[in-house]
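Peer 1: Below you will find the structure I want to go over with you.
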Amino acid sequence: MFNLVQKRRWYFLISAILIIPGIVAMIYSTIALGSPVRLGIDFTGGSLLELQFEQPVELADIRPIIHEGVFADATIQTVGDHRNVVIRTSLNVGAQEAVAAKEALKTRLAEEIGPVTEMRFDSVGPSIGRETTRAALVAILATSGAILIFIAIAFRRVPNAFRYGVCAVAKMLHDVLFLLGVASILGLVAGWEVDSLFLTAVLTVIGFSVQDVIVVFDRIRENVNRRRGEPFETIVNRSLLETLHRSLATQLNAIFVMVAIIFFGGVTIRNFLAIMLIGMITGTYSSIFFAVPLLVTWQQRELKRLVGRPGVKRAPAA
Amino acid sequence: MRQRDVRLLILIVVITTVAGWVAWPTNPGIHLRVGDKTIDQDIKVHQGLDLQGGMQVLLEADLPADQTIDPDSMNNARAIVENRVNGLGVTEPVVQAVGGRRILVELPGISDPEEAIATLRETGLMEWIDAGSTYLEPGTRVKTDVVTGSNESAEASEGEAETVYHTVLTGQHLKRAEVAFDQQGFPEISFELDQEGAQIFADFTANNRGRFLAIALDGEIISSPRINDPIPDGMGRITGGFTVEEARNMVVQLRYGSLPIALKVVDTREVGPTLGEDSVNKSVRAGAIGLGIVLLFMLIYYRAPGLVADAALIVYALVTLALFKLIPITLTLPGIAGFLLSVGMAVDANILIFERMREELRQGKPLQRAIDAGFRRAWTSILDSNISTWITCGILWIFGNSFGASIVKGFAITLGLGVLVSMFTAVIVTRTFLHAAFAAGGEKLREKTWLFGV
Chain U
0 MFNLVQKRRW
10 YFLISAILII
20 PGIVAMIYST
30 IALGSPVRLG
40 IDFTGGSLLE
50 LQFEQPVELA
60 DIRPIIHEGV
70 FADATIQTVG
80 DHRNVVIRTS
90 LNVGAQEAVA
100 AKEALKTRLA
110 EEIGPVTEMR
120 FDSVGPSIGR
130 ETTRAALVAI
140 LATSGAILIF
150 IAIAFRRVPN
160 AFRYGVCAVA
170 KMLHDVLFLL
180 GVASILGLVA
190 GWEVDSLFLT
200 AVLTVIGFSV
210 QDVIVVFDRI
220 RENVNRRRGE
230 PFETIVNRSL
240 LETLHRSLAT
250 QLNAIFVMVA
260 IIFFGGVTIR
270 NFLAIMLIGM
280 ITGTYSSIFF
290 AVPLLVTWQQ
300 RELKRLVGRP
310 GVKRAPAA
Chain A
0 MRQRDVRLLI
10 LIVVITTVAG
20 WVAWPTNPGI
30 HLRVGDKTID
40 QDIKVHQGLD
50 LQGGMQVLLE
60 ADLPADQTID
70 PDSMNNARAI
80 VENRVNGLGV
90 TEPVVQAVGG
100 RRILVELPGI
110 SDPEEAIATL
120 RETGLMEWID
130 AGSTYLEPGT
140 RVKTDVVTGS
150 NESAEASEGE
160 AETVYHTVLT
170 GQHLKRAEVA
180 FDQQGFPEIS
190 FELDQEGAQI
200 FADFTANNRG
210 RFLAIALDGE
220 IISSPRINDP
230 IPDGMGRITG
240 GFTVEEARNM
250 VVQLRYGSLP
260 IALKVVDTRE
270 VGPTLGEDSV
280 NKSVRAGAIG
290 LGIVLLFMLI
300 YYRAPGLVAD
310 AALIVYALVT
320 LALFKLIPIT
330 LTLPGIAGFL
340 LSVGMAVDAN
350 ILIFERMREE
360 LRQGKPLQRA
370 IDAGFRRAWT
380 SILDSNISTW
390 ITCGILWIFG
400 NSFGASIVKG
410 FAITLGLGVL
420 VSMFTAVIVT
430 RTFLHAAFAA
440 GGEKLREKTW
450 LFGV
């Protein structure tokens with residue numbers, strides 16, 4: 000039987016390699032940008048205008064036109080084949096003035112550069128941004144609470160329930176840290192912004208990820224009772240292989256759907272699904288290669304202590 | 000086959016047929032006439048703004064945050080905004096009060112966002128001002144002695160000593176206002192005053208011949224006519240060299256009265272029609288491809304049970320799409336993603352069942368017992384996973400209720416609804432179909448192990 004848990008030291012190393020760059024990026028980002036990930040206008044307020052030109056454009060040509068007036072502090076990015084341009088500003092005028100300025104800008108660009116179509120324009124007032132941030136924090140707290148309760152219920156009758164629970168929570172943090180790290184790195188390198196859909200993706204994926212590890216832990220629990228003679232490592236290995244089919248089949252289907260939307264679907268939700276896809280893959284990976292090895296390590300350390308010091312009784316200090 | 004299975008099978012066929020008809024893209028809707036009752040019910044997909052293009056505007060009472068707002072005035076403001084929106088001639092607009100001090104407006108397919116915002120938001124306070132012997136240039140901002148909650152005082156900060164003009168009459172006394180055209184074909188606004196207004200107007204014009212009676216809208220002069228003759232009947236025209244569009248918007252504002260509370264725009268979101276249309280086409284294609292791959296995967300990986308799961312999945316897709324149309328649920332891009340993701344969840348239940356079934360078959364159990372054990376033993380896992388997804392959806396839905404994250408709501412609703420429907424299709428439909436197949440083939444199907452991929 001292929002032994003999955005034997006090389007667990009290597010797996011911990013891989014997890015560290017996955018997570019540590021993200022943590023470094025988050026620290027750097029906090030110093031440079033004021034937050035561990037680059038926050039989008041959903042949370043900070045501001046405006047985002049996406050335009051599409053008929054012909055590819057050079058940033059140098061359009062920048063001076065855009066930087067006049069209201070859009071003076073705008074960051075400008077070309078997307079894809081240099082026909083789409085995304086213009087972001089922190090908004091310091093009212094939303095209505097922003098709309099007016101945007102219309103004027105479109106006219107000027109059309110005159111000086113060439114035919115241009117507005118793809119989308121969002122303008123979020125700072126108070127709305129604050130409210131969304133607050134709602135986001137509530138959602139994060141509620142999710143964390145719900146997951147902890149879920150874990151507590153799922154393992155309430157298991158011996159050493161605490162260990163299973165802690166391992167499941169550790170896995171959840173593992174996945175969250177990785178996703179935040181990815182977002183942080185992409186924010187620094189490619190200007191990716193975190194919006195309300197990013198949070199949605201993270202919360203959804205965490206739900207799936209915890210569910211995934213609970214299925215494995217459930218099976219371990221079942222097999223521990225059925226095969227009392229076997230060493231824990233063998234039982235765990237067997238349980239992993241038994242649940243692997245379901246885990247992989249389910250995740251594969253979800254991955255198929257997401258990949259289809261990422262490659263063939265609309266641009267607007269591409270980032271959302273990309274984060275969800277990355278989260279789904281990490282979630283499956285960390286069930287097998289992080290949560291379970293962690294559990295085994297914990298159990299065995301205790302076994303060693305029990306077996307390694309037979310007969311040693313704590314003598315009162317002389 | 001047991002009696003219960005036969006009944007379920009018939010029920011499933013009926014539901015699928017109805018759902019298929021409802022979900023059909025070119026469904027004509029129901030248009031019936033029975034006696035004197037007519038039923039006109041369109042059955043169609045409600046597309047969100049991100050799919051059909053358009054604008055979303057959030058208006059907020061322009062008052063200090065700690066000042067309480069009279070619910071009645073807010074309600075009146077909403078009604079007036081709604082009337083103005085209807086005056087814009089947009090199809091299926093949404094005007095909704097959000098909390099105590101906000102109004103959400105959705106305008107699908109709008110072409111001139113700037114003009115639309117102006118029409119919605121401007122207080123629409125029309126004043127006839129006694130300008131004495133001065134001609135006020137159109138576009139001049141003036142202060143008047145009318146005090147309403149909606150007076151814009153921001154202009155006062157310019158520092159100059161300003162003349163406060165006397166307002167003779169306000170738009171309150173308007174009975175009728177509409178766009179008309181003069182002899183040269185230029186647009187103008189023709190109006191009629193109510194009785195009281197006509198009296199004031201008649202007296203004032205009789206006593207002030209030769210002076211200017213300027214007309215201002217929201218403190219900005221739009222026209223400065225000189226009184227040549229008294230106007231006794233309360234009928235008049237406003238000319239000012241405006242475009243048809245401007246004249247129409249002004250009429251919309253005049254007709255539905257002035258807003259009791261000044262509103263400011265705190266948030267706008269616009270999606271161009273190109274992006275919307277592009278998104279619809281691409282989403283349909285992505286959905287078809289994603290669903291196709293899942294169907295294929297289930298068939299190859301699980302063989303005969305996989306085929307049954309595929310049938311259940313098609314029932315699932317039809318029923319869910321039909322519900323989207325009937326409830327109705329407004330589809331957005333994240334909403335479509337939620338639906339497609341729930342397709343993945345729907346097969347998850349079948350995967351759990353089939354994996355259990357395979358285990359039982361490998362242990363040599365007869366087919367009938369393996370099928371039953373598969374369903375029985377997988378049930379708690381299915382329930383567990385669906386409940387936890389449901390909790391996630393609930394939290395996301397609450398998050399999506401905050402305005403800035405409203406895009407999240409579509410995702411939460413379609414995913415949640417999908418999971419609910421999948422409990423029915425993945426368990427009941429699959430089991431009924433498997434039982435039917437077993438009734439047709441019997442225990443000798445057990446011999447053909449390739450059917451089950453055991």
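Chain order of the listed sequences is U and A. According to numbering that gives the first Met the number 0, the first sequence is numbered sequentially starting from 0. According to numbering that gives the first Met the number 0, the second sequence is numbered sequentially starting from 0. Quick reminder that beta carbons are idealized off the backbone N, C-alpha and C, glycines included.
Using 8 Å as the limit for Cβ to Cβ distance, is U/Met118 near chain A?
Peer 2: It does; some Cβ of chain A falls within 8 Å.
Peer 1: Under a Cβ-count criterion, where at least 16 other Cβ atoms within 10 Å of its own Cβ denotes burial, should A/Ile11 be classed as buried or exposed?
Peer 2: Buried is the call here.
Peer 1: When the cut-off is 8 Å and only beta carbons count, does A/Ile381 lie next to chain U?
Peer 2: It does not; no Cβ of chain U falls within 8 Å.
Peer 1: Count the CB pairs spanning the segment 363-370 of chain A and the segment 315-331 of chain A that are closer than 8 Å, and state whether there are at least three.
Peer 2: Touching, no, given that fewer than three Cβ pairs across the two stretches are closer than 8 Å.
Peer 1: Going along chain A in order, which residues have a C-beta closer than 7 Å to the C-beta of U/Ser183?
Peer 2: Within 7 Å Cβ-Cβ: nothing; U/Ser183 doesn't reach chain A, min ~21 Å.
Peer 1: Do you know offhand how far U/Phe154's Cα is from U/Val291's?
Peer 2: So the alpha carbons of these two residues sit roughly 15 Å apart.
Peer 1: Output the boundary residues of the alpha helix (DSSP H) element that contains A/Lys324.
Peer 2: From DSSP, the alpha helix (DSSP H) with A/Lys324 extends over Pro272 to Leu325.
Peer 1: Thinking just about the alpha-carbon of each residue, which of A/Ala435, A/Leu444, A/Asp383 and A/Gly441 is nearest to the one in A/Val418?
Peer 2: Nearest C-alpha to A/Val418: A/Asp383.
Peer 1: Of all the options A/Lys263, A/Val407, A/Thr391 and A/Trp396, which has the alpha carbon lying nearest to the alpha carbon of U/Leu147?
Peer 2: Ranking the options by Cα distance to U/Leu147, first place goes to A/Thr391.
Peer 1: Anyone know if the C-beta pair for A/Tyr255 and A/Arg101 falls short of 8 Å?
Peer 2: Cβ atoms of A/Tyr255 and A/Arg101: not closer than 8 Å.
Peer 1: Taking the alpha-carbon positions, what's the A/Ala336 to A/Gly289 distance?
Peer 2: Those two C-alpha atoms are separated by around 11 Å.
Peer 1: Relative to the C-alpha of A/Phe451, which residue among A/Ile109, A/Phe432, A/Gly209 and A/Ile299 is closest?
Peer 2: When only C-alpha atoms are compared, the closest one is A/Ile299.
Peer 1: Residues of chain A with CB closer than 7 Å to the CB of U/Ala245, please, in chain order.
Peer 2: It should be pointed out that residue 245 of chain U corresponds to Arg in this sequence rather than to Ala. The contacting residues are Ile350, Leu351 and Glu354.
Peer 1: Counting only the same chain and skipping the five closest in sequence on each side, list residues whose C-beta sits under 8 Å from that of A/Arg210.
Peer 2: Taken in chain order, the residues that qualify are Asp129, Ala130, Gly131, Ser132, Arg225 and Ile226.
Peer 1: Given this structure, state the Cα-to-Cα distance separating A/Trp389 from U/Ile75, to the nearest angstrom.
Peer 2: The alpha-carbon atoms of A/Trp389 and U/Ile75 are separated by roughly 40 Å.
Peer 1: Which residues, taken in chain order from the segment 289-300 of chain U, show a beta carbon closer than 8 Å to some beta carbon of chain A?
Peer 2: Flagged: no residues at all.
Peer 1: If you draw a straight line from the C-alpha of A/Thr518 to the C-alpha of A/Met356, how long is it?
Peer 2: Limits of chain A in this structure are 0 at one end and 453 at the other, which puts residue 518 of chain A out of reach.
Peer 1: If we ignore side chains and look at the alpha-carbon of each, how far apart do U/Leu187 and U/Thr283 end up?
Peer 2: Each residue's alpha carbon lies about 27 Å from the other.
Peer 1: What residue from A/Ile230, A/Leu50, A/Gly99 and A/Leu87 has the CA that sits closest to A/Asn75's CA?
Peer 2: Of A/Ile230, A/Leu50, A/Gly99 and A/Leu87, the residue nearest in Cα terms is A/Gly99.
Peer 1: Tell me the start and end of each unbroken alpha helix (DSSP H) in the segment 73-127 of chain U that is at least 4 residues and wholly inside, in chain order.
Peer 2: Correct list: 94-111.
Peer 1: Residue range of the beta strand (DSSP E) that A/Trp127 falls in?
Peer 2: Met125 to Gly131 is the span of the beta strand (DSSP E), which, as asked, contains A/Trp127.
Peer 1: Go ahead and label A/Glu136 buried or exposed: buried means 16 or more other beta carbons lie within 10 angstroms of its beta carbon, across all protein chains shown.
Peer 2: Exposed, by the Cβ-count rule.
Peer 1: Please list the segments of the beta strand (DSSP E) lying wholly inside the segment 234-258 of chain A, counting only runs of 3 or more residues, in order along the chain.
Peer 2: Correct list: 234-237.
Peer 1: Taking the continuous alpha helix (DSSP H) assigned at U/Ile287, which residues delimit it?
Peer 2: Careful: U/Ile287 lies outside any alpha helix (DSSP H) and carries neither H nor E.
Peer 1: Let me confirm a value: U/Arg227 is counted as buried when at least 16 other C-beta atoms fall within 10 Å, else exposed. Which label applies?
Peer 2: When all chains shown are included, U/Arg227 counts as exposed.
Peer 1: Going by DSSP, which residues form a beta bridge with A/Ile102?
Peer 2: In the DSSP output, where bridge partners are listed per residue, A/Ile102 has A/Leu58 and A/Ala96.
Peer 1: Give the residues of chain A in contact with U/Thr199, contact being defined as C-beta atoms less than 9 Å apart.
Peer 2: Those within 9 Å of U/Thr199 in chain A are Pro333, Leu395, Phe398, Gly399, Ala404, Ile406, Val407, Phe410 and Ala411.
Peer 1: Closer than 8 Å by C-beta to A/Asp61: which residues in its own chain qualify, once you throw out the five before and the five after it? Chain order, please.
Peer 2: Within the same chain, A/Asp61 has close Cβ partners Ile260, Ala261, Leu262 and Lys263.
Peer 1: Specify the secondary structure class of U/Lys170 as computed by DSSP and reduced to three states.
Peer 2: U/Lys170: helix per DSSP, three-state reduction.
Peer 1: Indicate whether U/Gly113 and U/Glu57 have their beta-carbon atoms separated by less than 8 Å.
Peer 2: Not in contact: U/Gly113 and U/Glu57 (Cβ atoms no closer than 8 Å).
Peer 1: Could you have a look at U/Gln250 and say whether DSSP puts it in helix, strand or coil?
Peer 2: Helix, per DSSP.
Peer 1: Give a yes or no on whether 8 Å exceeds the smallest Cβ distance from U/Glu130 to chain A.
Peer 2: Cβ-Cβ to chain A under 8 Å: yes for U/Glu130.
Peer 1: Please list, in chain order, the chain A residues whose beta carbon lies closer than 9 Å to that of U/Glu79.
Peer 2: Position check: residue 79 of chain U holds Gly in this sequence, whereas Glu was assumed. Residues of chain A passing the Cβ test: none, with the nearest at roughly 13 Å.
Peer 1: DSSP state of A/Arg32, grouped into three classes?
Peer 2: Strand.
Peer 1: Terminal residues of the continuous alpha helix (DSSP H) containing A/Lys408?
Peer 2: Unbroken alpha helix (DSSP H) run through A/Lys408: Ile406 to Met422.
Peer 1: Have a look at the DSSP bridge pairing and note the partners of U/Gly45.
Peer 2: U/Gly45 pairs with U/Val123.
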